[in-house]
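2 protein chains.
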Amino acid sequence: MERAIQIVSTAKYLPEQTVTSEMLDEKLGLPPGWSYKSSRVRTRWFVTDETSSQMGAYAAEEALRRAGLAVEDIDCIISVSGTMEQPIPCHAALIHQRLTQGVPPVPAFDINSTCLSFITGLDLASHAIQAGQYHRVLFVASEIASIGLNWEQKKSSVLFGDGAAAVVVQKSAPESPARILASRMETYSQGADYTRIRGGGTRYHSRTNPPPEYFLFDMDGKAVYRMVARYLPGFVDRLLAQAGVGIDDLDLVIPHQASGIAMELMRKKLGIREEKYMTILEDHGNVIAASLPMALHEAVQQGRLARGSLVLMLGTSAGTSLGGVVLAY
Amino acid sequence: MERAIQIVSTAKYLPEQTVTSEMLDEKLGLPPGWSYKSSRVRTRWFVTDETSSQMGAYAAEEALRRAGLAVEDIDCIISVSGTMEQPIPCHAALIHQRLTQGVPPVPAFDINSTCLSFITGLDLASHAIQAGQYHRVLFVASEIASIGLNWEQKKSSVLFGDGAAAVVVQKSAPESPARILASRMETYSQGADYTRIRGGGTRYHSRTNPPPEYFLFDMDGKAVYRMVARYLPGFVDRLLAQAGVGIDDLDLVIPHQASGIAMELMRKKLGIREEKYMTILEDHGNVIAASLPMALHEAVQQGRLARGSLVLMLGTSAGTSLGGVVLAY
Chain A
1 MERAIQIVST AKYLPEQTVT SEMLDEKLGL PPGWSYKSSR VRTRWFVTDE TSSQMGAYAA
61 EEALRRAGLA VEDIDCIISV SGTMEQPIPC HAALIHQRLT QGVPPVPAFD INSTCLSFIT
121 GLDLASHAIQ AGQYHRVLFV ASEIASIGLN WEQKKSSVLF GDGAAAVVVQ KSAPESPARI
181 LASRMETYSQ GADYTRIRGG GTRYHSRTNP PPEYFLFDMD GKAVYRMVAR YLPGFVDRLL
241 AQAGVGIDDL DLVIPHQASG IAMELMRKKL GIREEKYMTI LEDHGNVIAA SLPMALHEAV
301 QQGRLARGSL VLMLGTSAGT SLGGVVLAY
Chain B
330 MERAIQIVST AKYLPEQTVT SEMLDEKLGL PPGWSYKSSR VRTRWFVTDE TSSQMGAYAA
390 EEALRRAGLA VEDIDCIISV SGTMEQPIPC HAALIHQRLT QGVPPVPAFD INSTCLSFIT
450 GLDLASHAIQ AGQYHRVLFV ASEIASIGLN WEQKKSSVLF GDGAAAVVVQ KSAPESPARI
510 LASRMETYSQ GADYTRIRGG GTRYHSRTNP PPEYFLFDMD GKAVYRMVAR YLPGFVDRLL
570 AQAGVGIDDL DLVIPHQASG IAMELMRKKL GIREEKYMTI LEDHGNVIAA SLPMALHEAV
630 QQGRLARGSL VLMLGTSAGT SLGGVVLAY
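Taken in sequence, the protein lines are chains A and B.
Read in order, the letters of the first sequence are residues 1 to 329 in our numbering.
Read in order, the letters of the second sequence are residues 330 to 658 in our numbering.
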């Protein structure tokens, strides 16, 4: 289902504190090289005193600056983050407050499918842009993973980093090749318990003193990998068929930066050539829902996309969901 | 911006435990009648052991049954809840799991603008339905307010109840009058701190031991009321102008069931006749984002809507946001 949508600009924000894998080896009492070998992440960034909405607003300001736009040129702000700064109000309202102090009062709301939130948000909002409801939408994904890591689960805790990414999207000019060709999401909820943070919502509320580890990230990496390996190839076939393109037609594949070894296995399984596979994991870590728009930003920055380049953005998320969008940049 | 969208069926689920205002007067050591007089709520329901995703799935099953549909007839599940069961995965994935056990693997994701989530979700998803991406979408709002109430804040804590509502939406048949005429949202984020739960996200994480009341609902009711009174009349004028209808053309106004006194003041300020104003507050309380779809369900049940009836759904939310949709039922 085509939509004449154009990515206007992208930006990222990384907090100040660098955390190398050597630092984590030492912190966790692991042999030198273990954290890198397990995660393929050399460096990730952790917040010191930044809040998530601050990081999101910094990335948004930078995306606007790069496009030569002011905040008044935006008519909708959508948070596509997988973690929240606080349960109420929604994340986008807090970013709106940091960015605009309330003026103009453009709509602000959240779309959340954990790590796939940017794809879900872009997919849904593009219909509203195509229909003319919004002229120019600001997407912001801002994540603080570090506060919720369970250092007892070494394999997952060495994967993640903090940071934010922002993307401005508008309707394409008539002469532009930019468009969304197809989008798809599948949720295999038999895997809903494979990736979770249980505490902090209504089920395991602080007030009822659940075990402290309920408030920390918990992942059964092997179960997730088995599920993704089983369903992802068919999913990609269905998505590319919808778009009417073959895997070799793609100029670039931007995957969710989940984990180094899994990303590489998936690349081979899907038959994607290494030079067409965008990875930023090594110097960012897995930044939850900010990973996909941040990798898009890096692809733009590195000159790997020209107007009209055919791109597959593809990912997996807690849920367990698979999601992707095929677009002409 | 018209969209040929039809509400196919609606349902609600209320937990088993009835909590009357007399019970709250006694619990809080207040004079008999205080809780009712302050809130205009006689009865609300609180969960005992139901989880939010369970309540959501119960309401969804009932909505499907009423429409003579099976879960296979749905091709997207959207949670439009203002509270979450747990931070990861998203609420819709947990409802998907309860409802389908993963089969079929239709997309599941959350749209959140606190109490306006149903309006935001209906608005956005209706474009995707209109464009043909989804044939039939299930919206679920499921809320457990009770666990987060601060009984020291008597005025706000006597307002809320728990419960869930579900709505099935599809593209209208060509001969049907059902459609969305217009939608609008405005976020005045200078009021982002007026209504909040601070703890449970990345800013005030359990791990850092913030004050216990940070995990509880906190509202500056007077500040919210002043802001809403200032901006709502203009907002409604702009929304009705977009729809091309006047306030007297409306067959029914379904407001968010925020609080009895504020709802009545707003009704008068907007010049809406009492018999055209849908209230379910007295025997449900404010059920956060479930209030609007639950009031829609009650309007359908009470025979107050015929096909083609002109309806304004209108609300306010934490953020502070105003939102509304004008539809022909």
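For each residue, glycine too, the CB sits at the ideal point set by N, CA and C.
Starting from residue i, trace the alpha helix (DSSP H) in both directions and tell me its first and last residue.
i              : result
F564 (chain B) : 550-572
K37 (chain A)  : 34-39
T608 (chain B) : Note, T608 (chain B): premise wrong, no alpha helix (DSSP H); not H, not E.
A502 (chain B) : A502 (chain B) -> no alpha helix (DSSP H), and no H or E assigned at all.
R66 (chain A)  : 52-66
L327 (chain A) : Not the alpha helix (DSSP H): L327 (chain A) falls in the beta strand (DSSP E), residues 321-328.
S79 (chain A)  : No alpha helix (DSSP H) holds S79 (chain A); the beta strand (DSSP E) holding it covers 76-79.
R636 (chain B) : That residue, R636 (chain B), is in no alpha helix (DSSP H); it is neither H nor E in DSSP.
Whole angstroms is fine: what's the gap from residue i's alpha carbon to residue j's?
i              : j              : result
H205 (chain A) : G199 (chain A) : 6 Å
G163 (chain A) : E351 (chain B) : 49 Å
T208 (chain A) : I95 (chain A)  : 30 Å
L393 (chain B) : M263 (chain A) : 39 Å
F438 (chain B) : T120 (chain A) : 8 Å
L57 (chain A)  : R98 (chain A)  : Note on residue identity: the sequence assigns Ala, not Leu, to residue 57 (chain A). Cα to Cα, the separation comes out at about 6 Å.
F489 (chain B) : G29 (chain A)  : 49 Å
L305 (chain A) : A328 (chain A) : 10 Å
G520 (chain B) : E72 (chain A)  : 19 Å
L250 (chain A) : L312 (chain A) : 7 Å
I272 (chain A) : L322 (chain A) : 18 Å
L453 (chain B) : W34 (chain A)  : 45 Å
Q346 (chain B) : H420 (chain B) : 23 Å
E331 (chain B) : H284 (chain A) : 43 Å
D404 (chain B) : G632 (chain B) : 28 Å
M227 (chain A) : G324 (chain A) : 16 Å
H127 (chain A) : A460 (chain B) : 7 Å
Run down chain B in chain order and give the residues with a C-beta less than 7 Å from the C-beta of residue i.
i              : result
G132 (chain A) : M330
V106 (chain A) : T516
F109 (chain A) : I440, N441, S442, T449
Within its chain, find whatever has a CB closer than 8 Å to the CB of residue i; leave out the 5 residues flanking it on each side and keep chain order.
i              : result
E152 (chain A) : E213
H297 (chain A) : T10, A11, K12, A165, V167
R230 (chain A) : none
P344 (chain B) : W374, F375, V376, T377, E379, M384, D491, G492
N479 (chain B) : S485, S486, E542, L545, F546, D547
G308 (chain A) : P177, A178, A328, Y329
Q170 (chain A) : I5, Q6, V8, I129, H135, R136, V137
G148 (chain A) : T83, I197, F215, L216, F217
P433 (chain B) : V400, E401
Could you work out which residues of chain A lie near residue i, taking near to mean beta carbons separated by less than 7 Å?
i              : result
D378 (chain B) : Within 7 Å Cβ-Cβ: nothing; D378 (chain B) doesn't reach chain A, min ~11 Å.
A457 (chain B) : L124, H127
Closer than 7 Å by C-beta to residue i: which residues in its own chain qualify, once you throw out the five before and the five after it? Chain order, please.
i              : result
S172 (chain A) : A4, I5, Q6, A178, R179
Y365 (chain B) : S350, R371
S624 (chain B) : It should be noted that the sequence gives Ala, not Ser, for residue 624 (chain B). So the qualifying residues of the chain are I583, Q586, M607, I609.
In chain order, what residues of the same chain have a beta carbon less than 6 Å from the beta carbon of residue i, not counting five sequence neighbours either side?
i              : result
P32 (chain A)  : D25
V140 (chain A) : G56, A60, S79, I95, A166
S413 (chain A) : Residue 413 (chain A) is absent from the model: chain A starts at 1 and stops at 329.
Q242 (chain A) : A182
Check for me: the beta strand (DSSP E) holding residue i runs from which residue to which?
i              : result
R508 (chain B) : 508-516
R207 (chain A) : Per DSSP, R207 (chain A) belongs to no beta strand (DSSP E) and is neither H nor E.
P584 (chain B) : 581-584
L116 (chain A) : Note, L116 (chain A): premise wrong, no beta strand (DSSP E); not H, not E.
A470 (chain B) : 465-472
A619 (chain B) : Neither: A619 (chain B) is in no beta strand (DSSP E) and is coded neither H nor E.
M313 (chain A) : 310-317
T718 (chain B) : Chain B is shown only over 330 to 658; residue 718 (chain B) falls outside these bounds and no answer can be derived.
I334 (chain B) : 334-342
D110 (chain A) : 108-112
Taking Cβ-Cβ distances shorter than 8 Å, what residues in chain B pair up with residue i?
i              : result
H135 (chain A) : None at all; the shortest Cβ gap to chain B is about 13 Å.
I197 (chain A) : Q415, P416, I417
Y29 (chain A)  : Reading off the sequence shown, one finds Gly at residue 29 (chain A), where the question assumed Tyr. Correct list: empty, because the minimum Cβ distance to chain B is about 20 Å.
I want to verify the contact list: residues of chain B whose CB lies under 9 Å from the CB of residue i, in sequence order.
i             : result
S52 (chain A) : G530, T531, R532
With 9 Å as the C-beta to C-beta threshold (strictly closer), list the residues of the region 311-323 of chain A near chain B in chain order.
Going along the region 311-323 of chain A in chain order, one finds S317, A318, G319, T320, S321, L322, G323 with a Cβ nearer than 9 Å to chain B.
Short of 8 Å Cβ to Cβ, which residues in the region 232-262 of chain A face chain B?
none
Which residues, taken in chain order from the region 506-520 of chain B, show a beta carbon closer than 7 Å to some beta carbon of chain A?
M514, E515, T516, Y517, S518, Q519
Going along the chain, which residues of the region 409-427 of chain B sit with their C-beta nearer than 9 Å to a C-beta in chain A?
G411, T412, M413, E414, Q415, P416, I417, P418, C419, H420, A421, A422, L423, I424, H425, Q426, R427
When Cβ atoms are compared, which residues of the region 204-221 of chain A fall closer than 8 Å to chain B?
Y204, H205, S206, R207, T208, P212, F215, L216, F217
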